[in-house]
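Student:
Residue numbers (the numbering used here): -3 to 141.
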């Protein structure tokens, strides 16, 4: 892995911090100018981006750790299909996928369904994945029409 920081990731963190700190556009630009004499993160060097991130941390922003990826390839595939669906329809969140999984996995053995893709066995995982693929195909057809 490279020791060189990823500028795009740093810029993304800056925008997350701006949102989490509930900064207005003017106050955000003021902070950028105060810290780096520049008013756009897009033109900053890595050291300047780092200085802005340190300033946001000083102001109370705390970076959240990234979600741990599943060890199960089928679960990762389900989440990938879900991200496609969210992009196609413009909305959706983790709770919506869990709700879909619950509906798709209701059986006599599980009358309330299974609460998360992580808990699916291979058979139920296939059922959920195929349902998501069909949903994604419908959305793609609608987008093409």
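Backbone N, C-alpha and C define an ideal beta-carbon position, used for all residues, glycine too.
These numbers come from a predicted model, not from an experiment.
1) Check for me: the alpha helix (DSSP H) holding residue 67 runs from which residue to which?
2) Would you check if there are 3 or more beta carbon pairs closer than 8 angstroms linking the stretch 1 to 19 to the stretch 36 to 51?
3) Could you tell me the alpha carbon to alpha carbon distance between residue -2 and residue 107, rounded to whole angstroms?
4) With 16 as the cutoff for other CB atoms within 10 Å, does residue 39 come out buried or exposed?
5) Indicate the three-state DSSP secondary structure (helix, strand or coil) for residue 61 in the structure shown.
6) Would residue 36 pass as a contact of residue 113 if the rule is Cβ separation under 9 angstroms?
7) Which runs of the beta strand (DSSP E) fall wholly inside the stretch 64 to 122 and span at least 3 residues, in chain order?
8) Please return the same chain residues whose Cβ sits closer than 6 angstroms to the Cβ of residue 88, not counting the five positions on each side in sequence.
Tutor: Per the coordinate set shown:
1) From DSSP, residue 67 is part of no alpha helix (DSSP H); its letter is neither H nor E.
2) Flag = yes, the stretch 1 to 19 and the stretch 36 to 51 touch.
3) Because residue -2 sits at a pLDDT of 49, beneath the cut-off of 50, its placement in the model cannot be relied upon, and the following sentence gives the value as read from the coordinates. For residue -2 and residue 107, the distance between alpha carbons rounds to 48 angstroms.
4) Using a 10 angstroms sphere on the CB of residue 39, the tally of other CB atoms stays under 16, which defines it as exposed.
5) In the displayed model, residue 61 falls within coil according to three-state DSSP, outside both helix and strand.
6) No, these two residues do not count as a Cβ contact at 9 angstroms.
7) As far as the stretch 64 to 122 is concerned, it has no whole beta strand (DSSP E) run of at least 3 residues.
8) Only 82 meet the Cβ criterion.
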